[in-house]
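Here the structure is laid out as structure tokens; the discussion comes afterwards.
Protein chains: 2
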Amino acid sequence: MSYLTEDKLAILGAAGAIGSNMAQAALTMGLTPNITMYDPYEPGLQGAAEEMYHCAFPDARVSWTTDIGHALQGASYVISSGGAPRKEGMTREDLLKGNSEIAAQLGKDIRSYCPNAKFVVIIFNPADITGLTTLIYSGLPAGRVATLAALDSTRLQTALSQHFSLPQDKVTGCRTYGGHGESMAVFASTCRIDGRPLTDLIGSSELSDQKWAEISQHVRQGGKKIIQLRGRSSFQSPSHQSLLMVKAVMDGQGYPWPCGAYVDSDDHGFNKIMMSMETSIGSDGLSWTMPQGTDSELADLRDSYQHLVKLRDEVVEMGVLPPLDEWNSVNSNL
Amino acid sequence: MSYLTEDKLAILGAAGAIGSNMAQAALTMGLTPNITMYDPYEPGLQGAAEEMYHCAFPDARVSWTTDIGHALQGASYVISSGGAPRKEGMTREDLLKGNSEIAAQLGKDIRSYCPNAKFVVIIFNPADITGLTTLIYSGLPAGRVATLAALDSTRLQTALSQHFSLPQDKVTGCRTYGGHGESMAVFASTCRIDGRPLTDLIGSSELSDQKWAEISQHVRQGGKKIIQLRGRSSFQSPSHQSLLMVKAVMDGQGYPWPCGAYVDSDDHGFNKIMMSMETSIGSDGLSWTMPQGTDSELADLRDSYQHLVKLRDEVVEMGVLPPLDEWNSVNSNL
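The listed protein sequences correspond, in order, to chains G and D.
The first sequence runs 1373 to 1706 under my numbering.
The second sequence runs 1373 to 1706 under my numbering.
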């Protein structure tokens, strides 16, 4: 079996549903044979690793450890789902304090053990804040730390394909930007339904305003439907999509969905935030561009940004993040 | 994205841990874009399917249904994990009656809805009996129905690689034959440790007789260790390995582990049974050959066969399987 690279991938939270799925999917995708699974919960971690051994992936070198230093040492790629999970009825923001503290420690550990990491993907909620916090403390360049933001866009694609009874890939250009929480900006103007602009269809007999509002709201509520149906939060799709992000750095073949990127641009009026933007991923990591949209959509994006600013400032207030004017002294890349 | 085939794969038990993992892994492996997920438990099934949609696999055509007829209609490939699961403390045989009835119905459904199926893999326990029962009622040729048996062999490989502190693929030729339950025959003579015959090492300072007995017993206990560690039975490795079996039919590239095959051979003294043998998988399905081993190992295999004969006869006694002399009238291929 051939792998894209021999570089080490550290999967943090590997005893959990996302992380254990990720170990299997990374090997199935042929990303790298060199995987370390980390979790503080040893029995579940060992059990998940044993399952990988029973899969008998050719040439795989999967190890597991409850020592974060061993896990990160020399890692080129890090994906962390290792926050506290969101339960039914909880908003993503409820998790703010606990998970931002976990993210701060993760950033420090990355700086200590793998300061040359090529790409770090953060997928524990609220990801905009945990990703930002990890970036700041890691000392890495901004393009080396990203958050998973795709699922909002793929949920939009799914809902529209179901509404129009079309194969999913006939629905193109689905985009949400800004925060990953309920304040996200759901764009319609970028979207095509079997080639036809979605904005031409909203308000027609094919898609009433009310139905579009319902779809947008469904997307804003993120994985709520999965929690209701499965009795647990999404784990397969976050695993799959975050591995595709890493794969794009490894193979330079691109990644088709928006990602959470660090944005600090006076030109656009977005400062010191991590949020979903139009992005591309290559061997140098992540870069972003300003989304294209209607005035109303761009106003939604600005509102979403303001919501994130508030969350970020709460985390500064808690003392988990340093004051904004000290970020550059903590991470000279920012 | 390119797939090996456009043929339909029906995944039965797709709301469960194995089945939902299998949908994702089949798409990740690029087997076929044409997947139907079936389960009687609709919310969990829909939730698992939604996760697949959120993965946004290119060109995928994943559907889900609680109607077994719709699920199987026109399917070329069928994998079923849809029995009752084994819980901690239960032997695989405890499941005998309920799951053999499920298997009988599955066989009848295959005959009704996909009588030209190319390959059916049964992975619910006791798999030797459920696979046999499915085969008889399906009317399919013997080589078109197989059971997953690899995990006993990959567990042996894992345990030996851990004992000798070697990469897993330096431990070759790991083989268990006969039943998938605790009566399985664990072969040592086929096995090489970094090129050295395992039989030369057993009883030496490198592997005491007692340690080898412990390893064999661990393997015979199957997934018990996973249940203890994860609080649930294996699901990632059964999913992965059974998809590799299907892949071997699709791509003709072979499959490296023993499978459960229908065996009816006066020459070898094994009649009307399904059990793990030395097997190969190609585009025509599964074929078996007689395992090679020491007299003692072959005696173990015969004991394991006798155990399966007893189980099989219990299922005949229950009225779930027809009397042996009527099998040919139920399935003219046998």
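Backbone N, C-alpha and C fix where the C-beta goes; we use that ideal spot for every residue, glycine too.
Computed from a predicted structure; not experimentally measured.
Given that a residue counts as buried once 16 or more other Cβ atoms are within 10 Å of its Cβ, and exposed if not, what is residue i?
{"i": "G/Gln1582", "result": "exposed"}
{"i": "G/Asp1639", "result": "exposed"}
{"i": "G/Lys1682", "result": "exposed"}
{"i": "D/Met1690", "result": "exposed"}
{"i": "D/Met1373", "result": "exposed"}
{"i": "G/Asn1643", "result": "exposed"}
{"i": "D/Asp1524", "result": "buried"}
{"i": "D/Thr1661", "result": "exposed"}
{"i": "G/Arg1684", "result": "buried"}
{"i": "D/Asn1700", "result": "exposed"}
{"i": "G/Gly1391", "result": "buried"}
{"i": "G/Gln1608", "result": "buried"}
{"i": "D/Asn1488", "result": "exposed"}
{"i": "D/Asp1439", "result": "exposed"}
{"i": "D/Ala1456", "result": "exposed"}
{"i": "D/Ala1499", "result": "buried"}
{"i": "D/Thr1400", "result": "buried"}
{"i": "D/Leu1444", "result": "buried"}
{"i": "G/Leu1680", "result": "buried"}
{"i": "G/Asp1697", "result": "exposed"}
{"i": "D/Gly1603", "result": "exposed"}
{"i": "D/Glu1578", "result": "exposed"}
Please name the residue or residues paired with residue i in a DSSP beta bridge.
{"i": "D/Val1635", "result": "D/Ile1645"}
{"i": "D/Arg1433", "result": "D/Asn1406"}
{"i": "G/Tyr1449", "result": "G/Leu1381 and G/Phe1491"}
{"i": "D/Phe1559", "result": "D/Arg1547"}
{"i": "D/Ile1565", "result": "D/Val1543 and D/Arg1568"}
{"i": "G/Val1517", "result": "G/Val1492"}
{"i": "D/Ile1574", "result": "D/Leu1579"}
Using a cut-off of 8 Å between C-beta atoms, extract the partners of residue i located in chain D.
{"i": "G/Tyr1627", "result": "Chain D residues near G/Tyr1627: none, gap ~11 Å exceeds 8 Å."}
List, in chain order, every chain G residue whose beta-carbon is nearer than 7 Å to that of residue i.
{"i": "D/Asp1541", "result": "Pro1430 and Asp1431"}
{"i": "D/Lys1597", "result": "Glu1422"}
Which residues of chain D have a Cβ atom closer than 9 Å to the Cβ of residue i, listed in chain order?
{"i": "G/Ser1472", "result": "Residues of chain D passing the Cβ test: none, with the nearest at roughly 25 Å."}
Name the chain G residues whose beta carbon is nearer than 9 Å to that of residue i?
{"i": "D/Ser1392", "result": "Arg1602 and Gln1608"}
Next on the checklist: Ignoring anything shorter than 4 residues, give me the alpha helix (DSSP H) runs that lie fully in the region 1519 to 1551 of chain G, in order along the chain.
Outcome noted: Fully enclosed alpha helix (DSSP H) runs of 4 or longer: 1522 to 1535.
Checklist entry - Can you list, in chain order, the residues of the region 1664 to 1676 of chain D whose Cβ is nearer than 8 Å to any Cβ on chain G? => result Taking 8 Å as the Cβ-Cβ cut-off against chain G, none of the residues of the region 1664 to 1676 of chain D qualify.
Next on the checklist: If the cut-off is 7 Å on Cβ atoms, which residues from the region 1512 to 1538 of chain D count as contacting chain G, listed in chain order?
Outcome noted: When CB distances to chain G are screened at a threshold of 7 Å, the residues of the region 1512 to 1538 of chain D falling below it are Leu1523, Thr1526, Arg1527, Gln1529 and Thr1530, in chain order.
Checklist entry - Mind listing which residues of the region 1395 to 1423 of chain D have their C-beta closer than 8 Å to chain G's C-betas, in chain order? => result From the region 1395 to 1423 of chain D, only Gln1396, Ala1397, Thr1400, Met1401, Pro1415, Gly1416, Gln1418, Gly1419, Ala1420, Glu1422 and Glu1423 have a Cβ closer than 8 Å to chain G.
Checklist entry - Quick one, which residues of the region 1425 to 1446 of chain G are near chain D if we go by CB-CB under 9 Å, in chain order? => result Of all residues in the region 1425 to 1446 of chain G, Tyr1425, His1426, Cys1427, Ala1428, Phe1429, Pro1430, Asp1431, Ala1432, Arg1433 and Val1434 have a Cβ within less than 9 Å of some Cβ in chain D.
Checklist entry - In the region 1581 to 1614 of chain D, which residue ranges form an unbroken alpha helix (DSSP H) of at least 4 residues, counting only runs that do not cross its ends? => result 1581 to 1592 and 1596 to 1602, all fully within the region 1581 to 1614 of chain D.
Checklist entry - Between the region 1588 to 1614 of chain G and chain D, which residues of the former have CB atoms less than 9 Å from a CB of the latter, in chain order? => result Answer set for the region 1588 to 1614 of chain G: Gly1595, Lys1597, Ile1598, Ile1599, Gln1600, Leu1601, Arg1602, Gly1603, Arg1604, Ser1606, Phe1607, Gln1608, Ser1609, Pro1610, Ser1611, His1612 and Gln1613.
Item to check | Segments assigned alpha helix (DSSP H), at least 4 residues, entirely inside the region 1646 to 1692 of chain D | outcome: Whole alpha helix (DSSP H) segments, 4+ residues: 1667 to 1689.
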